[in-house]
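K.L.:
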Amino acid sequence: MKGGQGNLNSQQRESLERVQRNAKLLLGLINDVLDISKIEAGKAEIDRQTVFLAALARQIETDYAEPARSKGLKLRAEVAPGLDFVDSDPARVLQIVANLVGNALKFTERGSITVRFEPREKDRWAIVVSDTGIGIPEDEQAAIFDEFRQGEGIEHRGRGGTGLGLAIVKKLAGMLGGTVSVESAAAQGSRFTVILPRELPEEPRVPAAAVETEAWPVPAGEPGRTVLIVDDDEGVRRLFAGELAPLGIRTLEARDGRSALEIAAAEKPDAILLDVLMPGLDGWETLRRLKERPETRNIPVIILSVVENRAFGLSLGAFDYLVKPVEISTLLDSLSRAGVLASRGHLLIVDDDADVRQLLTQELVSAGYRVQSAAGGSEALEAMGREPPSAVLLDLMMKPPDGFEVLCRMREDSALREI
């Protein structure tokens, strides 16, 4: 897919661009859903620091100057006298402001947006975001902090978004020991106020709905991970190297088993992709020697072969066994489990269009997710049965069992219905 748009006609290019836009929208939705899930499960971390508010105000003006200018809006961020710094989590504070400003940009067509940091009584402070937008009718204000809720009127339609931004603001404010409120009226703009303590509580608050859940995956790898690709076919080596390079993975190449043993001993790669059918020292013997040598025995080896012999490969110590041709999403999932790729969560893509699966996989893996893919409903249900994902991106219009049938079966399965 990369670099290939020059060979597409205008209709194909338009379709590809539409898929790319939707992929980014899906990524935003997934990030929001996982943020909420982590907060509710008590898994969201807080990094307590001194937050210098003048610097934060400058950052906000810089970050949102262009989006505001493109709509003809004035945007300013200011700090009231008597409030130089607070003790909080700067990333979470910025996330609160980002969601409020993003909401204001979406619903303001003319005028201005103002972000103001103000001191409040009893060692508290406020984030106040005001706009001159379309406003919120009083009868809708109680629900706007609920998940997947937006304004109901026709003027709210077609403005994008996931309906999760304000829900995230409410949960983050609660986690930091604060509250959020809104003052608004239809056609009169809105004013959102987040009240927070000047000093973060020693123990962050966990929402009352938090329950014990399996720990979320943490990033497994630091930058600079290395993968050794062993295959006598240069085209195969180049193909995998080209897929891994954009993810920040350094690749080494070997055309035969003997070279692979030398490179593995010298470079200590984080994983090895090993072909079986090679001249001279084949993949089986190479794997056996890798596992018997102390300096290489702990390196995960992923077998890539046109021959199905998984049981034998695993018995020799292979970390995983993939049958060629290998979808890049399958390979990246294996590398993620081997600790080569960082993971923000485990996602399953279900779509009968291979191009869509590949594009979504590239977008999501580059954003730090561990991704599996399935070409149909049966394959998806089997994958979820083996390992339930954090979330599923599901195409509804597929050959039977289609997406609707997959949803029905997920709701009938106690292990899958909460996905």
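Take the sequence shown: its letters are residues 638 to 1056, numbered as in the numbering used here. C-beta: ideal position from N, C-alpha, C; glycine also.
Just reading off the alpha helix (DSSP H) that PRO727 is part of, what are its end residues?
P.N.:
Against the sequence shown, residue 727 aligns to sequence position 90. Run containing PRO727: 727-744, per the alpha helix (DSSP H) assignment.
K.L.:
Within the continuous alpha helix (DSSP H) that includes THR923, where are the two ends?
P.N.:
In the sequence shown, counting from the first residue as 1, residue 923 sits at position 286. Looking at the DSSP string, the run of the alpha helix (DSSP H) that includes THR923 is 920-929.
K.L.:
Express the C-alpha separation of GLU1055 and LEU985 in angstroms, rounding to a whole number.
P.N.:
The count along the sequence shown starts at 1 and reaches residue 985 at position 348. The count along the sequence shown starts at 1 and reaches residue 1055 at position 418. One C-alpha to the other measures close to 14 Å.
K.L.:
Would you check if the distance between the CB atom of LEU927 and the CB atom of ILE936 is smaller than 8 Å?
P.N.:
Counted from its first residue, the sequence shown places residue 927 at position 290. Counted from its first residue, the sequence shown places residue 936 at position 299. Yes, they are a contact pair.
K.L.:
Should ARG713 and GLU698 be called a contact, given that it needs their Cβ atoms to be closer than 8 Å?
P.N.:
Reading the sequence shown from its first residue, position 76 is the one you call residue 713. Reading the sequence shown from its first residue, position 61 is the one you call residue 698. In contact: ARG713 and GLU698 (Cβ atoms closer than 8 Å).
K.L.:
Give me the DSSP bridge partner(s) of SER821.
P.N.:
As a first step, residue 821 must be located in the sequence shown, where it is residue number 184. SER821 pairs with SER827.
K.L.:
Should GLN1009 be labelled buried (16 or more other beta-carbon atoms within 10 Å of its own) or exposed?
P.N.:
If you number the sequence shown from 1, residue 1009 lands on position 372. Label assigned to GLN1009: buried.
K.L.:
For ALA759, name the three-state secondary structure that DSSP assigns.
P.N.:
Position 122 of the sequence shown, counted from the start, is the residue given in the question as residue 759. As written in the sequence, residue 759 is Lys, which differs from the Ala given in the question. Coil at LYS759, not helix or strand.
K.L.:
Please identify the residue among SER818, ASP760, ARG895, PRO883 whose C-alpha is closest to the C-alpha of LEU837.
P.N.:
For this step, residue 837 is matched to residue 200 along the sequence shown. The shortest C-alpha separation from LEU837 is found at ASP760.
K.L.:
Tell me, to the nearest whole angstrom, how far the beta carbon of GLU755 is from that of LEU720; I am working on the premise that it is less than 8 Å.
P.N.:
Stepping through the sequence shown from its first residue, residue 755 is reached at position 118. Stepping through the sequence shown from its first residue, residue 720 is reached at position 83. Yes, they are in contact, since the Cβ atoms of GLU755 and LEU720 sit about 7 Å apart, within 8 Å.
K.L.:
Using the Cα positions of ARG1046 and ALA823, report the straight-line distance between them to the nearest angstrom.
P.N.:
Within the sequence shown, numbered from 1, the residue matching residue 1046 stands at position 409. Within the sequence shown, numbered from 1, the residue matching residue 823 stands at position 186. Spanning the two alpha carbons is a distance of roughly 43 Å.
K.L.:
Would a C-beta distance cut-off of 8 Å place ASP989 and MET1035 closer than the cut-off?
P.N.:
Position 352 of the sequence shown, counted from the first residue, corresponds to residue 989. Position 398 of the sequence shown, counted from the first residue, corresponds to residue 1035. Yes, Cβ-Cβ distance for ASP989 and MET1035 is below 8 Å.
K.L.:
If you drop the 5 nearest sequence neighbours on each side, which residues of the same chain put their C-beta closer than 7 Å to that of TRP762?
P.N.:
Locating residue 762 in the sequence shown gives position 125, where the first residue counts as 1. Counting only Cβ-Cβ distances below 7 Å, and skipping sequence neighbours, we find LEU720, VAL723, PHE754, GLU755, PRO756, LEU833, ARG835.
K.L.:
What does the Cβ neighbour count give for PRO592, buried or exposed, with the cut at 16 atoms within 10 Å?
P.N.:
A question about residue 592 goes unanswered here, because the residues of the chain that appear run from 638 up to 1056.
K.L.:
Going by DSSP, what residue range makes up the alpha helix (DSSP H) through ILE886?
P.N.:
Locating residue 886 in the sequence shown gives position 249, where the first residue counts as 1. Where ILE886 is concerned, there is no enclosing alpha helix (DSSP H), given that its DSSP letter is neither H nor E.
K.L.:
Grab me the residues of ARG887's own chain with a C-beta within less than 8 Å of its C-beta, minus the 5 sequence neighbours each way, in chain order.
P.N.:
The count along the sequence shown starts at 1 and reaches residue 887 at position 250. These residues qualify, in order along the chain: GLY861, ARG862, THR863, VAL864.
K.L.:
Out of ILE764, PHE1041, GLU899, point me to the one whose CA is closest to LEU813's CA.
P.N.:
The sequence position of residue 813 within the sequence shown is 176, counting from 1. LEU813 has its Cα closest to that of ILE764, out of ILE764, PHE1041, GLU899.
K.L.:
Is it buried or exposed, ASN736, if we count other Cβ atoms within 10 angstroms and call 16 or more buried?
P.N.:
Start at 1 with the first residue of the sequence shown, and residue 736 comes out as number 99. So ASN736 counts as buried.
K.L.:
In chain order, what residues of the same chain lie with their CB nearer than 7 Å to the CB of LEU1053, ignoring the 5 residues before and after it?
P.N.:
The residue given as residue 1053 occupies position 416 in the sequence shown. MET1021, PRO1025, MET1047, listed in sequence order.
K.L.:
Using only alpha-carbon positions, find the residue among GLU922, ILE683, VAL977, LYS961 that is nearest to GLY954.
P.N.:
As a first step, residue 954 is located in the sequence shown; it is residue number 317 there, counting from the start. Closest by alpha carbon: GLU922.
K.L.:
Under three-state DSSP, which class holds TYR1006?
P.N.:
Against the sequence shown, residue 1006 aligns to sequence position 369. Here TYR1006 sits in coil by DSSP.
K.L.:
Is there a Cβ from chain C that is less than 8 Å from the Cβ of PRO937?
P.N.:
Considering every chain present, this structure includes no chain C. It has just one protein chain.
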